[in-house]
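Data first, discussion second: the structure below is written as C-alpha coordinates.
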Amino acid sequence: MKDLIKFSNQIIQHFGIKRLCKFYNINEFKNDSRFDINTNFFNQMIKIKNIDFGKCIKKIVKDFIDNKLTLEIEEQDIDLTINYDWYGFGDKSKSKEIKKGKKVYKKIRRHIILGK
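Count along the sequence shown from 1, then add 37; that gives the number in my numbering.
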(Lines of atoms letter the chains of each structure in order from A and count residues from 1; the text may use other names and numbers.)
(Lines give C-alpha, C1' and ligand atoms only; values in the text may rest on other atoms or scores of the structure.)
Protein backbone atom coordinates (compact mmCIF):
# COMPACT_ATOMS: atom_id res chain seq x y z
CA MET A 1 0.00 0.00 0.00
CA LYS A 2 2.88 2.38 0.76
CA ASP A 3 4.19 1.88 -2.78
CA LEU A 4 0.81 2.85 -4.23
CA ILE A 5 0.71 6.00 -2.10
CA LYS A 6 4.23 6.99 -3.19
CA PHE A 7 3.30 6.30 -6.81
CA SER A 8 0.10 8.33 -6.49
CA ASN A 9 2.13 11.28 -5.16
CA GLN A 10 4.41 11.04 -8.21
CA ILE A 11 1.40 10.95 -10.52
CA ILE A 12 -0.01 14.13 -8.99
CA GLN A 13 3.37 15.87 -9.16
CA HIS A 14 3.80 14.91 -12.82
CA PHE A 15 0.36 15.81 -14.15
CA GLY A 16 -0.90 18.34 -11.63
CA ILE A 17 -4.25 18.34 -9.87
CA LYS A 18 -5.85 20.94 -12.13
CA ARG A 19 -5.10 18.90 -15.25
CA LEU A 20 -6.39 15.67 -13.69
CA CYS A 21 -9.54 17.37 -12.37
CA LYS A 22 -10.28 18.77 -15.83
CA PHE A 23 -9.57 15.48 -17.63
CA TYR A 24 -11.71 13.33 -15.31
CA ASN A 25 -14.47 15.96 -14.85
CA ILE A 26 -13.96 16.34 -11.10
CA ASN A 27 -15.70 19.68 -10.61
CA GLU A 28 -16.44 19.37 -6.89
CA PHE A 29 -12.82 19.26 -5.68
CA LYS A 30 -12.33 20.59 -2.14
CA ASN A 31 -8.95 20.72 -0.43
CA ASP A 32 -10.03 19.45 2.99
CA SER A 33 -7.68 20.60 5.77
CA ARG A 34 -7.67 17.18 7.46
CA PHE A 35 -5.80 15.48 4.59
CA ASP A 36 -3.08 16.39 2.12
CA ILE A 37 -4.03 17.54 -1.36
CA ASN A 38 -3.20 14.19 -3.00
CA THR A 39 -5.50 12.27 -0.65
CA ASN A 40 -8.26 14.81 -1.24
CA PHE A 41 -7.97 14.37 -5.02
CA PHE A 42 -8.12 10.58 -4.88
CA ASN A 43 -10.98 10.63 -2.34
CA GLN A 44 -12.98 12.83 -4.71
CA MET A 45 -12.12 10.65 -7.72
CA ILE A 46 -13.15 7.51 -5.81
CA LYS A 47 -16.42 9.19 -4.86
CA ILE A 48 -17.27 10.40 -8.38
CA LYS A 49 -16.06 7.43 -10.45
CA ASN A 50 -17.23 4.76 -7.95
CA ILE A 51 -13.95 2.79 -8.09
CA ASP A 52 -11.30 1.99 -5.49
CA PHE A 53 -7.86 3.57 -5.03
CA GLY A 54 -5.91 1.01 -7.07
CA LYS A 55 -8.28 1.29 -10.00
CA CYS A 56 -7.96 5.08 -9.94
CA ILE A 57 -4.21 4.80 -10.37
CA LYS A 58 -4.64 2.10 -13.01
CA LYS A 59 -7.08 4.33 -14.93
CA ILE A 60 -4.69 7.31 -14.88
CA VAL A 61 -1.72 5.18 -16.03
CA LYS A 62 -3.79 3.51 -18.76
CA ASP A 63 -5.01 6.88 -20.07
CA PHE A 64 -1.42 8.15 -20.08
CA ILE A 65 -0.15 5.10 -21.99
CA ASP A 66 -2.98 5.44 -24.53
CA ASN A 67 -1.99 9.14 -25.01
CA LYS A 68 -5.38 10.35 -23.84
CA LEU A 69 -3.93 12.28 -20.91
CA THR A 70 -1.93 14.87 -22.84
CA LEU A 71 -4.55 17.57 -22.40
CA GLU A 72 -3.12 21.07 -22.10
CA ILE A 73 -5.43 23.30 -20.12
CA GLU A 74 -5.48 26.91 -19.05
CA GLU A 75 -6.07 28.09 -15.50
CA GLN A 76 -9.59 27.31 -14.36
CA ASP A 77 -11.79 27.76 -11.35
CA ILE A 78 -10.67 24.78 -9.25
CA ASP A 79 -10.16 26.05 -5.72
CA LEU A 80 -6.99 24.57 -4.19
CA THR A 81 -7.14 26.56 -0.95
CA ILE A 82 -7.58 24.65 2.28
CA ASN A 83 -11.24 24.16 3.17
CA TYR A 84 -12.49 24.22 6.78
CA ASP A 85 -16.15 23.31 6.10
CA TRP A 86 -15.83 20.02 7.98
CA TYR A 87 -15.14 21.98 11.17
CA GLY A 88 -18.58 23.54 11.20
CA PHE A 89 -18.04 27.22 10.60
CA GLY A 90 -16.48 27.25 7.12
CA ASP A 91 -14.05 30.08 6.53
CA LYS A 92 -11.98 31.17 9.55
CA SER A 93 -12.25 34.86 8.70
CA LYS A 94 -16.05 34.71 8.86
CA SER A 95 -15.97 33.26 12.37
CA LYS A 96 -13.67 36.06 13.53
CA GLU A 97 -16.09 38.64 12.13
CA ILE A 98 -19.00 37.01 13.96
CA LYS A 99 -17.11 37.03 17.28
CA LYS A 100 -16.13 40.66 16.76
CA GLY A 101 -19.76 41.58 16.01
CA LYS A 102 -20.96 39.93 19.23
CA LYS A 103 -18.47 41.96 21.29
CA VAL A 104 -19.62 45.22 19.70
CA TYR A 105 -23.27 44.28 20.32
CA LYS A 106 -22.55 43.59 24.02
CA LYS A 107 -20.84 46.98 24.40
CA ILE A 108 -23.75 48.82 22.77
CA ARG A 109 -26.29 46.93 24.88
CA ARG A 110 -24.38 47.72 28.09
CA HIS A 111 -24.21 51.37 27.06
CA ILE A 112 -27.98 51.56 26.50
CA ILE A 113 -28.91 49.73 29.72
CA LEU A 114 -26.43 51.40 32.07
CA GLY A 115 -26.33 54.74 30.31
CA LYS A 116 -22.55 54.69 29.99
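Positions of the beta carbon are idealized from the N, C-alpha and C atoms, including for glycine.
On a predicted model such as this, the values are computed, not experimentally measured, just so you know.
- In the DSSP assignment, D40 falls within the alpha helix (DSSP H) that extends over 39 to 52.
- Secondary structure within the region 72 to 104: the alpha helix (DSSP H) runs of 4 or more consecutive residues, fully enclosed, are 74 to 86, 90 to 102 (chain order).
- If the five residues before and after F72 are omitted, its C-beta is found closer than 8 Å to the C-beta atoms of N80, all from its own chain and listed in chain order.
- Contact between the region 38 to 45 and the region 81 to 88 is absent: fewer than three C-beta pairs spanning the two stretches fall below 8 Å.
- The Cβ atoms of T118 and N77 do not sit closer than 8 Å to each other.
- Here I102 is exposed. Its C-beta has fewer than 16 other C-beta atoms within 10 Å.
- A residue is called buried once 16 or more other Cβ atoms fall within 10 Å of its Cβ, and I97 is buried on that count.
- Under the 10 Å beta carbon count, I48 is surrounded by 16 or more other beta carbons and is classified as buried.
- The C-beta distance from F66 to L106 rounds to 17 Å, too long to meet the 8 Å contact threshold.
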